[in-house]
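Student: Each residue of the sequence shown is one higher than the last, beginning at 1 in full-length UniProt numbering.
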Amino acid sequence: MSHSRNSRRDFLRTLALAACSGGTAAMFPQLRMMGTALANTRSLPGYKALVCVYLAGGNDSWNLLVPFDTARHDVYADARGGVYNAQSNPDGLALGIPAGTDVALQKIVDGNDSSSATNQYFLHPELDDLAALYRANKLAFAVNVGTLVKPIVKADYSTPANRPPQLYSHSDQENLWHQGTSVTNRVVGWGGRCGDVVHASNPNQDLSTCISISGANRFEVGLSTVPYRMSSSGLSSLNGMCNPTPCSGVSATSVRDNALNTLLADTYANDFAGEYTKVFGRSRDLYNLLKTGLDGTTLVQPFPANNSLASQLQMVAKMIKLSKAQNYAARQIYYVRLGGFDLHSGLMSGNNDHGDLLKLVNDAISSFWLALAPGDVDAQNEVTLFTASEFARTLQSNGSGSDHAWGGVQFALGGAVNGGKLYTNGGGPISGFPDQHLDAPNNFSRGQMIPGIGVDQYAATLAQWLGVTSPTDLAAIFPNLANFATGNLGFV
Numbered sequence: 001m002s003h004s005r006n007s008r009r010d011f012l013r014t015l016a017l018a019a020c021s022g023g024t025a026a027m028f029p030q031l032r033m034m035g036t037a038l039a040n041t042r043s044l045p046g047y048k049a050l051v052c053v054y055l056a057g058g059n060d061s062w063n064l065l066v067p068f069d070t071a072r073h074d075v076y077a078d079a080r081g082g083v084y085n086a087q088s089n090p091d092g093l094a095l096g097i098p099a100g101t102d103v104a105l106q107k108i109v110d111g112n113d114s115s116s117a118t119n120q121y122f123l124h125p126e127l128d129d130l131a132a133l134y135r136a137n138k139l140a141f142a143v144n145v146g147t148l149v150k151p152i153v154k155a156d157y158s159t160p161a162n163r164p165p166q167l168y169s170h171s172d173q174e175n176l177w178h179q180g181t182s183v184t185n186r187v188v189g190w191g192g193r194c195g196d197v198v199h200a201s202n203p204n205q206d207l208s209t210c211i212s213i214s215g216a217n218r219f220e221v222g223l224s225t226v227p228y229r230m231s232s233s234g235l236s237s238l239n240g241m242c243n244p245t246p247c248s249g250v251s252a253t254s255v256r257d258n259a260l261n262t263l264l265a266d267t268y269a270n271d272f273a274g275e276y277t278k279v280f281g282r283s284r285d286l287y288n289l290l291k292t293g294l295d296g297t298t299l300v301q302p303f304p305a306n307n308s309l310a311s312q313l314q315m316v317a318k319m320i321k322l323s324k325a326q327n328y329a330a331r332q333i334y335y336v337r338l339g340g341f342d343l344h345s346g347l348m349s350g351n352n353d354h355g356d357l358l359k360l361v362n363d364a365i366s367s368f369w370l371a372l373a374p375g376d377v378d379a380q381n382e383v384t385l386f387t388a389s390e391f392a393r394t395l396q397s398n399g400s401g402s403d404h405a406w407g408g409v410q411f412a413l414g415g416a417v418n419g420g421k422l423y424t425n426g427g428g429p430i431s432g433f434p435d436q437h438l439d440a441p442n443n444f445s446r447g448q449m450i451p452g453i454g455v456d457q458y459a460a461t462l463a464q465w466l467g468v469t470s471p472t473d474l475a476a477i478f479p480n481l482a483n484f485a486t487g488n489l490g491f492v
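#1: Quick check on the DSSP output: the beta strand (DSSP E) that includes residue 408 runs from which residue to which?
#2: By Cβ distance below 6 Å, which residues in the same chain neighbour residue 156 in space, the five residues on each side in sequence not counted?
#3: Step through the CB atoms of chain D and report whether any lies within less than 8 Å of the CB of residue 57.
#4: From residue 375 to residue 312, what distance separates their C-alpha atoms?
#5: Quick one: Cα of residue 361 to Cα of residue 393, how far?
#6: Taking all protein chains shown into account, decide if residue 59 is buried (16 or more other Cβ within 10 angstroms of its Cβ) or exposed.
#7: How do the region 464-480 and the region 189-197 stand: do at least 3 beta-carbon pairs fall below 8 Å, yes or no?
#8: Using the C-alpha atoms, what's the distance from residue 456 back to residue 488?
#9: Taking the Cβ atom as the reference point for each residue, do residue 188 and residue 221 lie within a distance shorter than 8 Å?
#10: Could you check which residue in 262, 208 and 51 has the C-alpha nearest to that of residue 287?
#11: Output the residue ranges of the alpha helix (DSSP H) runs that lie fully inside the region 166-206 and measure 4 residues or longer, sorted by chain position.
#12: With DSSP as the reference, identify every bridge partner of residue 492, one or two as the case may be.
#13: Determine the extent of the alpha helix (DSSP H) in which residue 51 is found, giving its start and end residues.
#14: Given residue 491, which residues of its chain have a CB within under 7 Å of its CB, disregarding the five upstream and five downstream residues?
#15: How would you label residue 377, buried or exposed, when you count the other beta carbons within 10 angstroms and need 16 or more for buried?
#16: Check this for me: beta carbons of residue 281 and residue 62, under 8 Å apart or not?
#17: Checking 8 Å against the spacing of the C-beta atoms, do residue 329 and residue 204 come in under that value?
#18: So residue 383 and residue 51 are supposed to be a Cβ contact under 8 Å. How far apart are they, rounded?
#19: Answer yes if the region 394-406 comes into contact with the region 66-86, meaning at least three C-beta pairs across the two stretches below 8 Å, and no otherwise.
#20: Using three-state DSSP, classify residue 464 as helix, strand or coil.
#21: List, from N- to C-terminal side, the beta strand (DSSP E) runs of 3 residues or more that fit wholly inside the region 101-129.
#22: Check whether the region 241-259 and the region 168-179 touch, using three or more Cβ-Cβ pairs below 8 Å as the test.
#23: List in chain order: all unbroken beta strand (DSSP E) runs of 3+ residues lying wholly within the region 373-409.
#24: Let me know the secondary structure DSSP gives residue 36 once reduced to three states.
#25: Measuring straight from C-alpha to C-alpha, what distance separates residue 444 and residue 169?
#26: Pick from 232, 260, 46 and 354: whose alpha carbon is nearest that of residue 240?
#27: From which residue to which residue does the beta strand (DSSP E) around residue 146 run?
#28: Rounded to whole angstroms, what's the CA-CA distance from residue 336 to residue 93? Just pull it up for me.
#29: What residues match up with residue 443 in a beta bridge as DSSP calls it?
#30: For residue 21, name the three-state secondary structure that DSSP assigns.
#31: Which of the three DSSP states is assigned to residue 248 in this structure?
#32: One question on the structure: do residue 212 and residue 315 come within less than 8 Å of each other, judged by their Cβ atoms?
#33: Output needed for residue 352: all residues of its chain with C-beta closer than 6 Å, excluding positions within five of it in sequence on either side, in chain order.
#34: DSSP on residue 332, reduced to helix/strand/coil?
#35: Please classify residue 44: does DSSP put it in a helix, a strand, or coil?
#36: What does residue 83 pair with, by DSSP beta-bridge criteria?
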């Protein structure tokens, strides 16, 4: 087959992915990258998986991690309109300092300087399991992370080239988080580009390195990586067909199945039809590969009901267990998602408020961690889970909620995580836990934090743990990374 024909097929594959993600127009500047898929073919030892937990809508993460000492808590509470009280201060967004038995459940200490009173914090009261994992050194926080072109201070903001495009826009900022760079609006994501690099190490080359349990996403699309999509209930079968194929005996179902197999085996002169046939056929082959094994894969650890994130992570745990047992993969990247965080109102009270959402996160991730334990999946040291969200929210209340902002708090969990610490310094001019006075040097009038750590740095740290270590590969995946003082934050 000619190179030009391969190029056309690569073009059609990328065009289809772009259309699915709503980014067709953004694809054309990337045509110059056709045929330049990353070529790291070295063997990677053992098994590792990244699990991205995307908190959609902009998680108000300044209520996830809060200063414990009185002086800094007073600043935080003042910026947030005071401590919330349903009767006396219903518009306040601040959490009160935990007292009595609550202290033991919520309080944490930054292991970078455990002797200092100003390095003490507490987590949202619904995150008691995550607080325990932090104290067990399995969980770390990356503080004040956001999309950046390069490190900046407030005076640099007025020059458009110094800041990411379309700040405060959900869709644009989510795309930039998924891309791992603010340099351009790319069709591909950093997870997919990492998949391009590590896929050659996977024993089963038919199963994609990137698996989504939450539909289409840009994060897992690479130059050659096409994410495999599942649901939290497992694999989707074809109606009126043999699942798995082939059928036994003669029936209307077998006739349809045979006709479909004939179509899939045909050779098409039209590239679009040919590529569609390949994708469809590969999907069916993977169903046949995974169906029996996945149905027979069980977990000892129960997961909470009525929790969509828990259901997704339960399927991730099953797939990891199956992949390890059958030696399908050396490297995998999973994507799950929980929405509802765009709380312009009802942040502190009402149905599905911020506390309710964080309770879902706590319970789902805690169950996932326990499922990874020996005797079940047995992969706690081989899996790193991390959070992402398009932005944090304003410290200042808008009445009963908060509005779109910029830098926020993320966390990583796993046996390989250098936990029990806050990572606050990306090597730029803004470092340390942020000053939460409104309109301080590191934020704007409503408490929109200028990030001290770029998404590029956060993502590149995770990518390097997975096995993407070549400077050439890192520069291709994260083209802004050279603008920052460090490309590895050290939390994993």
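Just so you know, even glycine gets a beta-carbon here, dropped at the ideal spot from N, CA and C. Every value quoted in this text rests on a predicted model; they were computed, and no experiment measured them.
Tutor: According to the structure data:
#1: 408-413
#2: 162
#3: Going by chain labels, chain D is absent from the structure shown, which holds only one protein chain.
#4: 21 Å
#5: 18 Å
#6: buried
#7: yes
#8: 10 Å
#9: yes
#10: 208
#11: 170-179 and 190-198
#12: For residue 492, which the question treats as bridged, DSSP gives no partner whatsoever.
#13: Residue 51 -> not in any alpha helix (DSSP H); beta strand (DSSP E) instead, spanning 48-55.
#14: 140, 142, 412, 417, 418, 423 and 461
#15: buried
#16: no
#17: yes
#18: 6 Å
#19: yes
#20: helix
#21: 107-109 and 120-123
#22: no
#23: 383-388
#24: Here residue 36 scores only 37 on pLDDT, less than 50, and its place in the model should not be relied on; the value that follows carries that caveat. Note: residue 36 maps to coil in three-state DSSP.
#25: 17 Å
#26: 260
#27: 139-146
#28: 28 Å
#29: 449
#30: Note that residue 21 scores 40 on pLDDT, short of 50, meaning its location in the model is unreliable and no value can be drawn from it.
#31: coil
#32: no
#33: 340
#34: strand
#35: coil
#36: 94
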